[in-house]
Amino acid sequence: MTSSTVTDRPVERTTHPQAWSYLLLLALLALALGCSGLPSPLYPIYQSEWHMSPLTITIVFAVYAIGALGSALTVGPVSDAVGRKPVLIAALISILAGLGLFLIATDAWELMIARFLHGGAIGAITVVAGAALLDVRPRDGARNGMASGIALNVGITITVFGAAAAAQWASNPLRVPFAIVGAVVVVMLVAVIALVEPHTERTGGRIRLQRPSIPKEITSDFWFSGIGIMTAWSVLGVFLSLYPALTQHATGHTSVIFVGVVVAVMAAASAASQWVGGRLDPRTAAITGDLGMIVALLSAIWALHTGSTAFVIVDSIVLGAAFGLAFGGSLRHLNDVTPPDARGRVMSAYYLLGYLAMGVPTVIAGALSSSYGTAEVFPWFAGAVALACFTAAVLGLRGGRPDRVPAAGA
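Following this note's numbering from start to finish, the sequence shown increments by one per residue and tops out at 507.
Here it is, written out as structure tokens:
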């Protein structure tokens, strides 16, 4: 599909009986990624007050990815069989349970359980809400992908900056942010309970879990998109766990609000680039984003070396913009070619690759940081991911061909 097709075609009205269903699903995606980034500005406080090592921080982050992997392996077929709504309700209840644990936590193991619950829930929401968007607007795959990517990054932007602000000025910085988000989750839960099931083609009957799979006719399209999410989310994992404390150390800023600004501007730039990138062919956007991440990652090494606050902020904006193009382009491309009867399992396979890429490099970086120091390890990590981004761009250029709309979605 060409970019003109994406932008010039009139937005299709939702086929769902509740006009607000589409916005609710986007809000759920925003909430999901918001909760995933919620502890990020607080990790330096945990490290300082609880004496947690970089390895412990990355393990707390990694168990989130493990929970999300479990969801990616299961919730697609489950939601295809029983519907999207029951899975979304269970996921929101699990988020509330995790937030409750954060409110009473006094040790790292409690944070790990809370993040595991959040990983499973957030993984379920990203997969199932993404599939539900295609249920609601089945002929608007590329536009759904763009809207999904924007919602995910807007969620991180608002939540991370809000958490940092609450932690900066609240009397109890490790409790107040979670209480506020908990109230929002309750409102969202009520809305989902009132939602009419969007998946009218659910199979019913016994649920048979199977390994993630994709239709043969979209194999090459899937792997192009899969490489895109792997490179982008490997960056996201380290930048949401280790990078906040690293920027504090490099610039000398100890305030939580500074960490919130660094992460928030990155996410905001990502949302903006996905909006602008919606005018580009999805494959072109993804390749451009991969090349941009190479520049931003190598620049991040120099920014930390100089300790310049302005340089760190500007590089975070550039990295976010490149991340948005790489992730948003790959997601739009996949949404545009996925057959209606395979939405759940294709989204499961796609996010499975993403959470693997988010968790594994993060733990490796954390383990090495505990032994050698985060400042010493980060340049090697950035260089390795930059090489992976280059590989993704080359593969995208070699396999490039005009995007197409599957016959099933016509």
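For glycine and all other residues, C-beta sits at the position ideal for the given N, C-alpha and C. Bear in mind the structure is a predicted one, so any value in this text is a computation, not a measurement.
Practice prompt. Spell out a yes or no on whether the segment 310-321 and the segment 362-372 are touching, meaning 3 or more CB-CB pairs, one atom from each, closer than 8 Å.
Written response: no
Discussion item. If I follow the unbroken alpha helix (DSSP H) through residue 439, where does it start and stop?
Written reply: One-based indexing of the sequence shown puts residue 439 at position 342. First-last for residue 439: undefined, no H or E at that position.
Item to complete: Compare the C-alpha of residue 379 against each of 208, 348, 421 and name the closest.
Response: Here residue 379 refers to the residue found at position 282 when the sequence shown is read from its first residue. Ranking 208, 348, 421 by Cα distance to residue 379 puts 421 first.
Practice prompt. With DSSP collapsed to three states, give me the class of residue 377.
Written response: By 1-based counting over the sequence shown, the position of residue 377 is 280. Residue 377 falls in the coil class under three-state DSSP.
Fill in: Buried or exposed by the 16-neighbour rule on C-beta atoms within 10 Å, applied to residue 140
For the purposes of this step, residue 140 is taken as residue 43 along the sequence shown, with counting starting at 1. With 16 or more other Cβ atoms within 10 Å, it is buried.
Item to complete: Reducing DSSP to helix, strand and coil, say where residue 203 ends up.
Response: Against the sequence shown, residue 203 aligns to sequence position 106. The answer is coil: DSSP assigns residue 203 none of H, G, I, E or B.
Worksheet entry | Close beta carbons around residue 352, own chain, < 7 Å, minus the five adjacent residues each side | Taking the sequence shown and counting its residues from 1, the one referred to as residue 352 is at position 255. 265.
Practice prompt. Compute the distance between the beta-carbons of residue 454 and residue 330, then report whether it is under 8 Å.
Written response: By one-based count along the sequence shown, residue 454 stands at place 357. By one-based count along the sequence shown, residue 330 stands at place 233. Yes; because the gap between Cβ atoms is below 8 Å, this pair is in contact.
Item to complete: Please list, in chain order, all residues of the same chain as residue 166 whose beta carbon is under 6 Å from its beta carbon, the five residues on each side excluded.
Response: Counting from 1 along the sequence shown, the entry for residue 166 is found at position 69. Closer than 6 Å at Cβ, skipping near neighbours: 452.
Worksheet item: Any contact of the segment 166-176 with the segment 215-229, i.e. 3+ C-beta pairs under 8 Å?
Response: Yes, they touch.
Worksheet item: Just how far apart, CA to CA, sit residue 406 and residue 356?
Response: Here the question's residue 406 lines up with position 309 in the sequence shown. Here the question's residue 356 lines up with position 259 in the sequence shown. Looking at the two C-alpha atoms, the distance is approximately 11 Å.
Worksheet item: If you draw a straight line from the alpha carbon of residue 311 to that of residue 323, how long is it in whole angstroms?
Response: Taking the first residue of the sequence shown as position 1, residue 311 is located at position 214. Taking the first residue of the sequence shown as position 1, residue 323 is located at position 226. One C-alpha to the other measures close to 12 Å.
Worksheet item: Are the Cβ atoms of residue 386 and residue 334 separated by less than 8 Å?
Response: Here the question's residue 386 lines up with position 289 in the sequence shown. Here the question's residue 334 lines up with position 237 in the sequence shown. Cβ atoms of residue 386 and residue 334: not closer than 8 Å.
Practice prompt. Check residue 269 in the structure and name its three-state DSSP category.
Written response: Position 172 of the sequence shown, counted from the first residue, corresponds to residue 269. Coil.
Worksheet item: Who are the Cβ neighbours of residue 392 in its own chain at under 8 Å, not counting the five residues just before and after it?
Response: For this step, residue 392 is matched to residue 295 along the sequence shown. Excluding residues within five positions, the ones whose Cβ falls inside 8 Å are 415, 419.
Practice prompt. Give the straight-line distance between the Cα atoms of residue 397 and residue 341, rounded to the nearest whole angstrom.
Written response: As a working note, residue 397 is residue 300 in the sequence shown. As a working note, residue 341 is residue 244 in the sequence shown. About 13 Å.
Worksheet entry | Sequence-distant residues of the same chain with beta carbon closer than 6 Å to residue 400, five excluded per side | For the purposes of this step, residue 400 is identified with residue 303 of the sequence shown, where counting begins at 1. Excluding sequence neighbours, residue 400 sits near 408, 409, 412.
Fill in: Same chain, Cβ closer than 6 Å to residue 208, neighbours up to 5 away in sequence not counted
For the purposes of this step, residue 208 is taken as residue 111 along the sequence shown, with counting starting at 1. Result list for residue 208: 157, 202, in chain order.
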